[in-house]
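Enquirer: Each number in the numbering used here corresponds to the 1-based position in the sequence shown with 12 added.
After the structure tokens below, expect a handful of questions from me.
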Amino acid sequence: MAAVEPSAATTGDAPISYSPAAPYSARLREALTALSEACDSGNSNAAETASFTISDILDTAAIVSAEVDDGSEDASRPGASEELLREVLEFLSRPSSISNQMALDALSLVLPKPVAKLGAQMGRCRDVAAAILKFFVSNCSPRDMLSILCEALDAPMELPNGLSSFVLLLDALAKVLTLIQRRYIEQVKVALPVVLKVMHTAVSECVEEHGSAAVDLFNAAHNIGNAIQEMCKSMLDKNKDLCAILGLYSLQNIALVSQSRQQDILSACGSVIFQSFNFLISSGFTYLGLLTGSDVTAAIDKLSKSDAEEDADFVEYFSFAMDGAALSVVWTHMYDDNDMSKYAGEQLELALKEVQGNHMKKWEAITMLKHVLSSIHYPWIIKSHGLNLMLILAGENHVEEINNHVDFTCYAPRIFATLKAIESVMMAAPAALVRKKAFVALKKVISMVPSSQRFDILQALVNNSTSPSLTAILLDLVREEVSRESRRADNDCVEDDGFRGSGLPRWASHALELVELILRPPEGGPPCLPDHSEQTKAEINSELSLHISVFCSIMPLRVQRLAITPAWQLLLRI
């Protein structure tokens, strides 16, 4: 055994030093002995020094064990990490240690992080590390352990073993939360920001080979939700703020889990997400409130009612809650034939029927899906199912006649944002089927806009288009509207309703203004074309010429020359 200087327990506060050649296990035993002696003599400074030495030994051993090419033959040999952890667990399990609160407090302050790092190694390290953390949770102050574990979780995540170590810490934190007896909300507000930060980091850094560990981490986060749910149940007067926190936490996790782009992780997380639905139901959330976003708004408003700055900061940790609400509906729709979601599917079906029967709620539900479609975080398969859900919400027939009697003003900005989100899928989706589905959804949603305001929406989309191809698609939709209006006027045989004082049909007049806007941009310069080559200009001229020709064909002969000549002149200047 390596030579050891006299311990701090017998020489005051002098640090413990060892020969560099001393094996980790021998150094650990000597440090544990020094801690025991310091605690027996009541020397708190020496006990603190010994505990930090123990922590350093475990932390160094964990680093060496994780480095495949390291030259150490002790810490890298099979079972070395487990041996060190068992030394610690054996020390803690001694009757003399259990009765010595000074030793427990000193070790609980510094060991959770290195113990979790060692627990991420192969073999039975995880079980032994979990037993050590459980010992601390059971024998130390829950409030102290909550702060200690949150500090350990706030450290940078080191892959690949970082995921497994954080799972151990999250499991311990969940156990701590179940032991909290009072001031629940205060303790939850300390824990959740750290937990969500870990989740966000894990999702952003996980790759395919981390699939199993990532799912374990998501399950550990779910255990945190279980602990909060138990808090809610234990309160005689159910605290609505705590329930709101649980609901928002569940939605945030659903959004974070849905950001996993690895197919195996995403598939395995289906069960994790459906487990979160239990939290939503117990928190008073409904599928109707999730479809329209009203439950999320109510929960955020409830937590934001206080003027305290810390409350406002706390709400910001649920920045993906709206995404989670839309995603929870999309996930249920994706798995509607799965027994696991049978109850959820039935509840969603009832909510969909209610929304489809109320045009205002229908608009709210459709605009909620923009959170999924516009985000770059979610995989295409989820966006594809989001489009399926949007088409179901939109329905099939007579939407225009209904919406003509609706005050559309308050929905216009959200509808515009939703249409832009659909455009992003239509232009960027790698699968042709998804792009086609997005185009169908775009036309469907535009058709739902009251005819009196539909052109304003289309014009805004054209003005904000940066793609010539998209501009041509939108212009074709304008052409269809002009043709539809012309047919309606002919069928009604009411010429005065179809013409303005200038003699042009209303939509035709708007369309010509839009063509001029495209050919002569307000900011000056040439039209937005993919390329200024002669071939490209000829192709674009041909396409725009076709649209203008169609406008000519559906207008009365007596106004064709008046309206079309300026447009052709502009076209020829390109």
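No residue lacks a Cβ here, since even glycine has one placed at the ideal position from N, Cα and C.
I need the DSSP call for C162, collapsed to helix, strand or coil.
Expert: Translated into positions along the sequence shown, residue 162 becomes position 150. If DSSP states are grouped into helix, strand and coil, C162 belongs with the helices.
Enquirer: Which same chain residues, not among the five before or five after N235, have their C-beta less than 8 Å away from its C-beta?
Expert: On the sequence shown, position 223 is the one that residue 235 refers to. Same-chain partners within the cutoff: L182, D183, A186.
Enquirer: Could you spell out where the alpha helix (DSSP H) holding C137 opens and where it closes?
Expert: In the sequence shown, the residue the question calls residue 137 occupies position 125. Here the alpha helix (DSSP H) through C137 covers 137 to 151.
Enquirer: Residues in its own chain within less than 6 Å of E535 by CB, not counting five upstream and five downstream?
Expert: Looking up residue 535 in the sequence shown gives position 523. Counting only Cβ-Cβ distances below 6 Å, and skipping sequence neighbours, we find nothing.
Enquirer: Buried or exposed for C422, please, with buried defined as at least 16 other CB atoms from any protein chain shown within 10 angstroms of its CB.
Expert: For the purposes of this step, residue 422 is identified with residue 410 of the sequence shown, where counting begins at 1. Classification for C422: exposed.
Enquirer: Using CA atoms only, rank isn't needed, just tell me which of R466, I69, S159, N112 is closest to L95.
Expert: Taking the sequence shown and counting its residues from 1, one reaches residue 95 at position 83. Reading off the sequence shown, one finds Glu at residue 95, where the question assumed Leu. The candidate whose alpha carbon is nearest that of E95 is I69.
Enquirer: So, using beta-carbon positions, are L123 and I66 closer together than 8 Å?
Expert: Here residue 123 refers to the residue found at position 111 of the sequence shown. Here residue 66 refers to the residue found at position 54 of the sequence shown. Closer than 8 Å, so yes.
Enquirer: Please determine, among I312, A43, L204, L208, the residue with the shortest C-alpha to C-alpha distance to K252.
Expert: Locating residue 252 in the sequence shown gives position 240, counting from the first residue. Measuring from the Cα of K252, the nearest candidate turns out to be I312.
Enquirer: If you draw a straight line from the alpha carbon of G513 to that of H522, how long is it in whole angstroms?
Expert: Your numbering for residue 513 matches position 501 in the sequence shown. Your numbering for residue 522 matches position 510 in the sequence shown. Confidence at G513 is low in this model, with a pLDDT of 46, below 50, so its placement is unreliable and no value can be given for it.
Enquirer: For Q133, count neighbouring C-beta atoms within 10 Å of its own C-beta (all shown protein chains included) and say buried if the count is 16 or more, exposed if not.
Expert: The residue labelled residue 133 in the question sits at position 121 within the sequence shown. Result: buried.
Enquirer: Could you have a look at T45 and say whether DSSP puts it in helix, strand or coil?
Expert: The residue labelled residue 45 in the question sits at position 33 within the sequence shown. Correct three-state label for T45: helix.
Enquirer: Please work out which residues of its chain come closer than 6 Å, Cβ to Cβ, to S93, disregarding the five sequence neighbours upstream and downstream, and give them in chain order.
Expert: In the sequence shown, residue 93 corresponds to position 81, counting from 1. Closer than 6 Å at Cβ, skipping near neighbours: S77, L130, Q133, C137.
Enquirer: Considering only their Cβ atoms, is the gap separating A62 from L40 smaller than 8 Å?
Expert: Indexing the sequence shown from 1 puts residue 40 at position 28. Indexing the sequence shown from 1 puts residue 62 at position 50. Result no, Cβ atoms of L40 and A62 do not sit closer than 8 Å.
Enquirer: By how many angstroms is the C-alpha of A118 removed from the C-alpha of S283?
Expert: The residue you call residue 283 lines up with position 271 of the sequence shown. The residue you call residue 118 lines up with position 106 of the sequence shown. Their Cα atoms are separated by approximately 40 Å.
Enquirer: Report the rounded CA-to-CA distance for L399 versus P425, giving the unit in angstroms.
Expert: Against the sequence shown, residue 399 aligns to sequence position 387. Against the sequence shown, residue 425 aligns to sequence position 413. One C-alpha to the other measures close to 20 Å.
Enquirer: Got a sec, what are the start and stop residues for the alpha helix (DSSP H) S122 sits in?
Expert: What you label residue 122 is simply residue 110 of the sequence shown in a count that begins at 1. Here residue 122 is Val; the residue named in the question, Ser, does not match the sequence. Note, V122: alpha helix (DSSP H), 113 to 122.
Enquirer: Alpha carbon to alpha carbon, how far is E217 from V210?
Expert: As a working mapping, residue 217 is identified with position 205 in the sequence shown. As a working mapping, residue 210 is identified with position 198 in the sequence shown. Their Cα atoms are separated by approximately 11 Å.
Enquirer: Pull up the distance between the alpha-carbon of C162 and that of V149, whole angstroms please.
Expert: Taking the sequence shown and counting its residues from 1, one reaches residue 162 at position 150. Taking the sequence shown and counting its residues from 1, one reaches residue 149 at position 137. About 13 Å.
Enquirer: Skipping 5 residues on each side, what residues in its chain have a beta carbon closer than 8 Å to that of F178?
Expert: Mapped onto the sequence shown, residue 178 falls at position 166. The residues are A128, L165, M169, V210, A214, L229, A232.
Enquirer: What does a CB cutoff of less than 6 Å around V367 pick up in its chain, not counting 5 residues either side in sequence?
Expert: Mapped onto the sequence shown, residue 367 falls at position 355. Excluding residues within five positions, the ones whose Cβ falls inside 6 Å are L303, K373, K374, A377.
Enquirer: Can you tell me whether DSSP reads I388 as helix, strand or coil?
Expert: Working through the sequence shown from its first residue, we reach residue 388 at position 376. DSSP places I388 in coil when its eight states are reduced to three.
Enquirer: What residue from V342, I257, S294, S272 has the CA that sits closest to T309's CA?
Expert: Looking up residue 309 in the sequence shown gives position 297. Nearest of V342, I257, S294, S272 to T309, Cα basis: I257.
Enquirer: What separation, rounded to the nearest whole angstrom, lies between the Cα atoms of A453 and F286?
Expert: Start at 1 with the first residue of the sequence shown, and residue 453 comes out as number 441. Start at 1 with the first residue of the sequence shown, and residue 286 comes out as number 274. Answer to the nearest angstrom: the Cα atoms are 27 Å apart.
Enquirer: Which residue from A363, T298, E328 puts its Cα closest to that of Q264?
Expert: For the purposes of this step, residue 264 is identified with residue 252 of the sequence shown, where counting begins at 1. That would be E328, whose Cα lies nearest to the Cα of Q264.
Enquirer: Among M438, I530, S479, S436, which one has its Cα closest to the Cα of Q471?
Expert: Locating residue 471 in the sequence shown gives position 459, counting from the first residue. Minimum Cα distance to Q471 is reached at I530.
Enquirer: Pick out whichever of A226, L145, K314, D335 has its Cα sitting closest to the Cα of V188.
Expert: Numbered from 1 along the sequence shown, position 176 holds the residue referred to as residue 188. The option with the nearest alpha carbon to V188 is L145.
Enquirer: Can you name the start and end residues of the alpha helix (DSSP H) that I378 belongs to?
Expert: Taking the first residue of the sequence shown as 1, we reach residue 378 at position 366. I378 -> alpha helix (DSSP H) spans 371 to 380.
Enquirer: Could you pull out every residue in the same chain whose Cβ sits closer than 6 Å to the Cβ of S159, ignoring the five residues on either side in sequence?
Expert: Taking the sequence shown and counting its residues from 1, one reaches residue 159 at position 147. Once the five neighbours on either side are set aside, S159 has no close Cβ partner at all.
Enquirer: By Cβ distance, which residues of its chain are closer than 7 Å to M439, with the 5 residues on each side in sequence left out?
Expert: Along the sequence shown, one-based indexing puts residue 439 at 427. Result list for M439: S479, L482, in chain order.
Enquirer: Can you tell me where the alpha helix (DSSP H) holding C255 begins and where it ends?
Expert: The residue labelled residue 255 in the question sits at position 243 within the sequence shown. Per DSSP, C255 belongs to the alpha helix (DSSP H) from 252 to 270.
Enquirer: Comparing C-alpha positions only, which one of K317, P107, V202, N238 sits nearest to S295?
Expert: Taking the first residue of the sequence shown as position 1, residue 295 is located at position 283. The shortest C-alpha separation from S295 is found at N238.
Enquirer: With distance defined between alpha-carbon atoms, name the residue in T430, V437, K354 nearest to V461.
Expert: Your numbering for residue 461 matches position 449 in the sequence shown. Measuring from the Cα of V461, the nearest candidate turns out to be T430.
Enquirer: For A167, which residues in the same chain have their Cβ closer than 8 Å to its Cβ, ignoring the five residues on either side in sequence?
Expert: By 1-based counting over the sequence shown, the position of residue 167 is 155. Only K125 meet the Cβ criterion.
Enquirer: Can you grab the Cα-Cα spacing for the pair R532 / S386, in whole Å?
Expert: Looking up residue 532 in the sequence shown gives position 520. Looking up residue 386 in the sequence shown gives position 374. Cα to Cα, the separation comes out at about 30 Å.
Enquirer: So, under 8 Å CB-CB, V457 and A406 are touching, yes? Tell me the CB distance rounded to an integer number of Å.
Expert: Position 445 of the sequence shown, counted from the start, is the residue given in the question as residue 457. Position 394 of the sequence shown, counted from the start, is the residue given in the question as residue 406. About 6 Å; that satisfies the 8 Å criterion.
Enquirer: Measuring alpha carbon to alpha carbon, tell me which of Y36, A59, K449 ends up nearest D71.
Expert: For this step, residue 71 is matched to residue 59 along the sequence shown. Residue Y36 is the option with its Cα nearest to D71.
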